[in-house]
Amino acid sequence: MLPRFEDLDPETSNLVESFLPASALEMVRLIGLQAALLLIEHFGGTEVHFIREKETCFPRDFLALAKVIGTEKAAILAREYPEADRMYVPRCLKAMNALRNREIMALADKMIREKSRWKVYIDLARQYGTSTRTIQGILNGKGKRA
């Protein structure tokens, strides 16, 4: 399960932004944190191409961007990078892990009232596609708690 980006509280938003590199912070400035995180989630670690096609004024990846972050925000990025042939979208692994860990801790707090601790570890590991040891580390403070 991937982290949810909508309605992040100010503390979590600040935490996530503190882990973002300058290039990602520029995206946040242009299209907002939620859209930037969606962009990172879908395109992180790859280049988005802004080469203009002969038949259209839109960049090659415009439709893919619009599908993820909306037409208006994709247009903002296309306008902001008019001369560039591509834009690298960083993976932002530290920021994404911090957000995931926060979400895991919040869910565990709710789940522990209804299930055994070990069952919570198993359920969260399966839900987030990670190991029970990783979940234990996050919840016991040995992981990179955020």
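Reminder that position 135 of the sequence shown reads as 271 in this note's numbering, one-by-one numbering, no gaps.
Where is the CB? At the ideal position from N, CA and C, for every residue including glycine.
Owing to the predicted nature of the structure, the values given are computational and were not obtained by experimental measurement.
Neighbour-count burial assignment, residue i, 16 or more Cβ in a 10 Å radius
i	result
Lys209	buried
Thr148	buried
Ile248	exposed
Leu229	exposed
Ala282	Note on Ala282: pLDDT 49, under 50, position unreliable in the model; the coordinate value appears next. Answer is buried; the Cβ neighbour count reaches 16.
Thr207	exposed
Minimum C-alpha distance to residue i - residue among the options
i	options	result
Glu183	Glu239, Asn276 and Phe198	Phe198
Ile212	Phe141, Val164, Lys251 and Thr270	Val164
Lys203	Leu174, Asn237 and Gly181	Leu174
Leu144	Glu250, Arg236, Gln272 and Trp254	Arg236
Arg222	Arg262, Gly181, Leu156 and Ser154	Gly181
Ile240	Ile274, Pro157 and Phe141	Ile274
Ile205	Asn150, Tyr224, Ala172 and Thr268	Ala172
Glu142	Leu151, Leu169 and Leu260	Leu169
Query raised in the report: Which residue spans inside the segment 160 to 185 form an unbroken beta strand (DSSP E) run of at least 3?
Result: 182 to 185
Query raised in the report: Going along the chain, which unbroken runs of the beta strand (DSSP E) with 3 or more residues stay wholly within the segment 208 to 252?
Result: 222 to 225
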